Amino acid sequence: MAMPEGKLGFDKLRVEMWVSGTAGEDGAGGYCAHLHSVLDGQKYTKTIAGFGNGVTPTRMTLKAVLEGLKQIKNKCFIHIYTGIPQVSAGMNKHIHRWAKKDFKGASGQDLQHEDLWRQIHFLLEERVMSYKVHYLGDSPKPDNNIMVIHTASQYAQKARKNFMEVSIG
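Take a look at the structure:
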């Protein structure tokens with residue numbers, strides 16, 4: 018793919034994504050991914066959220082990244098904002114090395130959340146020209162940080178409600 022010319026060309030290929038995942042001590046968690054891009058002067062946004070049980074904040078944040086990447090249809094440059102250091106370090110420093118080792122740790126065991134790391138790596142290779150993961154505090158749009166954190170928390174509450182309904186019923 019040819020490199021874009023000028024700012025307009027670059028903006029056509031740039032996506033920003035804010036992600037958050039949360040989980041309580043009871044294992045009920047939620048995630049949210051909020052994507053933003055500008056194409057031909059039009060702003061596009063999309064928010065994806067969900068929940069699960071028996072999860073951790075890291076797993077829910079990885080799920081947010083995965084579901085956000087699934088929304089990308091054309092190769093692009095992507096900036097991802099997260100508050101989870103393991104996700105940032107994993108994506109910025111380790112994911113390609115882990116892939117070469119079939120997502121095994123130093124002692125040969127599967128990585129924690131190996132299933133999600135594999136899928137994320139596949140989508141990065143398939144749909145992303147270049148990416149960088151930043152901490153939420155470095156986000157150019159702090160309101161998006163608050164929105165994804167709030168939405169992930171709302172979905173964690175849905176997980177609790179769903180769990181209670183299933184447990185009682």
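My numbering applies: residue 18 is where the sequence shown begins, and numbers increase by one. Even for Gly, the Cβ is constructed at its ideal location relative to N, Cα and C. Predicted model only: the values in this text are computed from it and were never measured.
Do the CB positions of residue i and residue j come within less than 8 Å of each other?
i, j, result
"L99", "V150", "Checking the sequence shown, residue 99 turns out to be Thr, not Leu. Contact: yes."
"N70", "G38", "no"
"W134", "I101", "no"
"V82", "A106", "no"
"T75", "V104", "yes"
"L128", "K121", "yes"
"G41", "F68", "no"
"C93", "R31", "yes"
Indicate the three-state DSSP secondary structure (helix, strand or coil) for residue i in the structure shown.
i, result
"A123", "coil"
"H130", "coil"
"K118", "coil"
"S170", "helix"
"K149", "strand"
"N179", "helix"
Please look up how many angstroms separate the CB atoms of residue i and residue j, rounded, as I've assumed it's under 8 Å.
i, j, result
"V145", "I65", "Not a contact, Cβ separation roughly 17 Å."
"Y148", "Y48", "Contact flag wrong, Cβ pair sits at about 19 Å."
"Q88", "K63", "6 Å"
Among the options, which one has its Cα closest to the Cα of residue i?
i, options, result
"L86", "R177, A116, W115 and E33", "E33"
"N162", "H53, K118, K60 and Q126", "H53"
"V36", "M108, R114 and T78", "T78"
Is residue i near the ligand GDP, in the sense that its beta carbon is under 7 Å from a heavy atom of that ligand?
i, result
"S37", "Of ligands this structure carries none, so the ligand GDP is not represented either."
Contiguous alpha helix (DSSP H) assignments of at least 4 residues, all confined to the region 34 to 116: 74 to 87 and 102 to 106
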